[in-house]
Amino acid sequence: MLTLGDLATYLGRAGRVEEGSVRLIAGSGVLAAYTAILYPSGLLDESPTVLGLRTLALEGRDADFDAVVPVRSLIERLKRLQAQQTEGSVTVSLPIEVSTVTWAGISPPRGGWKKVHEVSAGALDRVARAGIDEVAAAVPTGTGEQIVRRVRSEVWGRPVPEAEHLPAGAGFAAFSLGFLADPDEVIPVYEAGPWSRVSSQRGHVLVRRRAWSLLG
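Take -8 as the starting number for the sequence shown in the numbering used here and just add one per residue.
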């Protein structure tokens, strides 16, 4: 089961990639924490939407909410609870919600997933490291945001060699969020509509394909 410390670590890793917000969806005794790793910034941005997901069992089954809150504020609250060394179940109050997060308006399906492929953790790790090096080399310090986004879109939109229906951004997300602990792990890949899901033992990466990629 995911602990408060694990959740804080997950959110901290996500915040280093995209410091912003986390979407929390509670229902049926489970809390799902979605974080954005990549997403298009406009109509001409061809970046895929790539989200990280970890789940936490909730005490009781009555909690039912869907909220988008700042990552940093939630991490601070989790750390305060950890410092108190409270045993048993704890109650976490949510920070003030934010309402301007575009990616949070796109909801991955909760059911209907079908396994379509497998990919090794090692392949995702390699494509992530290679992409990080390429982006770093192509984007010198002080480069404008528009150029940075264009480079990242090109690099992370390329297919994973071992799973060409997945963008390299899926590997980047899994690597950045610490989901690739065992390079020999064979990770199943699922699809539902325009979404793909890479589910390792440590967490999930969800990818929403851009409409143009479905043509042809």
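The beta-carbon is built from N, C-alpha and C at its ideal position, and this holds for glycine as well.
Everything numeric in this text was worked out from a predicted model, so none of it was measured.
If we call anything under 8 Å between Cβ atoms a contact, is residue i one with residue j?
i     : j    : result
V146  : A159 : yes
V81   : A164 : no
A(-1) : V21  : no
V118  : P152 : yes
V142  : A129 : yes
Using the C-alpha atoms, what's the distance from residue j back to residue i?
i     : j    : result
M(-8) : Q137 : Note on M(-8): pLDDT 47, under 50, position unreliable in the model; the coordinate value appears next. Whole-angstrom Cα-Cα distance: 40 Å.
G184  : L197 : 12 Å
S208  : R200 : There is simply no residue 208 to check, as the chain begins at -8 and stops at 207 in what is shown.
A54   : G18  : 6 Å
P99   : W186 : 7 Å
E67   : L171 : 26 Å
E37   : Q73  : 40 Å
D124  : R193 : 24 Å
L35   : E50  : 44 Å
G135  : V92  : 22 Å
L85   : S191 : 28 Å
A161  : P174 : 15 Å
P61   : F166 : 22 Å
L65   : L157 : 31 Å
E88   : I16  : 13 Å
G103  : P131 : 43 Å
W94   : A24  : 14 Å
W203  : G148 : Note that W203 has pLDDT 47, beneath the 50 cutoff, so the model's placement of it is unreliable and no number is given.
L(-5) : S90  : 25 Å
L2    : L69  : 10 Å
R71   : S32  : 34 Å
D221  : A154 : In the structure as shown, the chain begins at -8 and stops at 207. Residue 221 is therefore absent and cannot be evaluated.
Go ahead and label residue i buried or exposed: buried means 16 or more other beta carbons lie within 10 angstroms of its beta carbon, across all protein chains shown.
i    : result
I28  : buried
V59  : buried
F56  : exposed
H195 : buried
G96  : exposed
G43  : buried
V13  : buried
R52  : exposed
R45  : buried
What residues are listed by DSSP as bridge partners for residue i?
i    : result
H108 : V180
S32  : Answer by DSSP bridge pairing: none, since S32 is not bridged.
I16  : A23 and D57
R45  : A24
W186 : A183 and R199
Exercise. Contact between the stretch 171 to 181 and the stretch 108 to 120: three or more CB pairs below 8 Å?
Worked result: With a cut-off of 8 Å, the stretch 108 to 120 and the stretch 171 to 181 count as touching, because enough Cβ pairs lie within range.
Exercise. Does the stretch -5 to 7 come close enough to the stretch 114 to 125 to have 3 or more Cβ pairs within less than 8 Å?
Worked result: Fewer than three pairs of CB atoms, one per stretch, sit closer than 8 Å, so the stretch -5 to 7 makes no contact with the stretch 114 to 125.
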